[in-house]
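In this note's numbering, the protein residues as written are 25 to 173.
The beta-carbon is built from N, C-alpha and C at its ideal position, and this holds for glycine as well.
Since the structure comes first, as structure tokens, the remarks are kept for the end.
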């Protein structure tokens, strides 16, 4: 799997389709607003590290990593395209985020996950993330980067 920086013109429609599915799974009953997604992604791409992951030239996943805090990295969003679920790509992307955080000198990595997303919860716990804050249907998790994965 190959990582490259987000190219809004080239990747937007693919990420939009993927994110729309994520929205429906994580926020059932809440209306999705495409202009809000475009604005959110555009501003994030200017401020943070946003990458797409490809297999054979096809985007199969993406990662938005915020390294603005000098001690802690934060995964704003991570997603694998549904046809590729269960193939270890999510784990590989998180491991890549961990490596980037370590390389940038961060000592911890955080993320928030929908608690009903059992697959994601199991992945993060398996990588050593621990729950640190419980917010309604979301769980904030943290990984201390002094520990090897």
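Taking a contact as a CB-CB distance under 8 Å, the pair residue 26 and residue 78 counts as one, their CB atoms being some 5 Å apart. Taking C-beta atoms as the reference points, residue 134 and residue 98 count as a pair closer than 7 Å. By the Cβ test, the segment 125–134 is not in contact with the segment 26–41, since fewer than three Cβ pairs between them sit closer than 8 Å. Taking each of 38, 144, 154 in turn and checking the Cα distance to residue 62, the smallest one comes out for 38.
In the three-state scheme derived from DSSP, where H, G and I count as helix and E and B as strand, residue 124 is classed as helix. Around residue 58, the same chain offers 40 as residues with beta carbons nearer than 7 Å, after the five sequence neighbours per side are excluded.
Collapsing the DSSP output to three states places residue 34 in a helix. For residue 109, there is no enclosing alpha helix (DSSP H), as DSSP marks it with neither H nor E. Put simply, the backbone Cα of residue 91 is about 10 Å away from that of residue 121.
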